[in-house]
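Residue numbers (our numbering): 2 to 103.
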Amino acid sequence: EQEGDEKTPEGEYTLDYKKEDSSFYRALHVNYPNAVDIANAEKNGVSPGGFIMVHGQRNCLGWLAPVSQRFNWTNGCIAITNSEMDEFMDLVNVGTKIQIQW
2 EQEGDEKTPE GEYTLDYKKE DSSFYRALHV NYPNAVDIAN AEKNGVSPGG FIMVHGQRNC
62 LGWLAPVSQR FNWTNGCIAI TNSEMDEFMD LVNVGTKIQI QW
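This is the structure we're talking about:
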């Protein structure tokens with residue numbers, strides 16, 4: 002993975018903080034890049050990027066939010082519906098380890 006590729010990183014990460022002032026419906030930060038990601042990026046001479054979040058829909062979309070799920074608009078983040086985000090936030094805490102793979 003590298004900055005600007007719009008791909009969701011794969012690997013083992015930690016949800017390390019809640020972003021309360023997000024422009025999306027609720028958000029949890031993924032601690033990407035980790036040491037492995039940084040080493041791979043350095044080896045390839047690229048920036049690994051960062052600021053990957055698990056979040057709900059963009060706050061300004063209103064009733065159009067569910068439609069946006071049909072498109073790849075996340076720039077590497079993981080976007081779920083607002084109701085799924087509520088459930089996700091009930092199930093995990095800051096410090097929860099996650100595995101991302103496609």
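Don't be surprised by glycine CBs; every beta carbon is placed ideally from N, CA and C.
Rounded Cβ spacing between Gly77 and Pro10 (contact assumed at less than 8 angstroms): Indeed they touch by this definition, with Cβ atoms about 7 angstroms apart.
Sequence-distant residues of the same chain with beta carbon closer than 7 angstroms to Arg27, five excluded per side: His56, Gly57, Met86, Met90
Of the residues Thr97, Ala40, Met54, Glu13, the one placed nearest Ser23, counting alpha carbons only: Met54
Proximal residues to Asn32 (C-beta, below 6 angstroms), its chain only, five neighbours per side dropped: The beta carbon of Asn32 lies closer than 6 angstroms to those of Tyr14, Thr15, Asp17 in the same chain, with the five residues before and after it left out.
Ser48 versus Glu2, Thr97, Gln100, Ile99, residue with shortest Cα-Cα distance: Glu2
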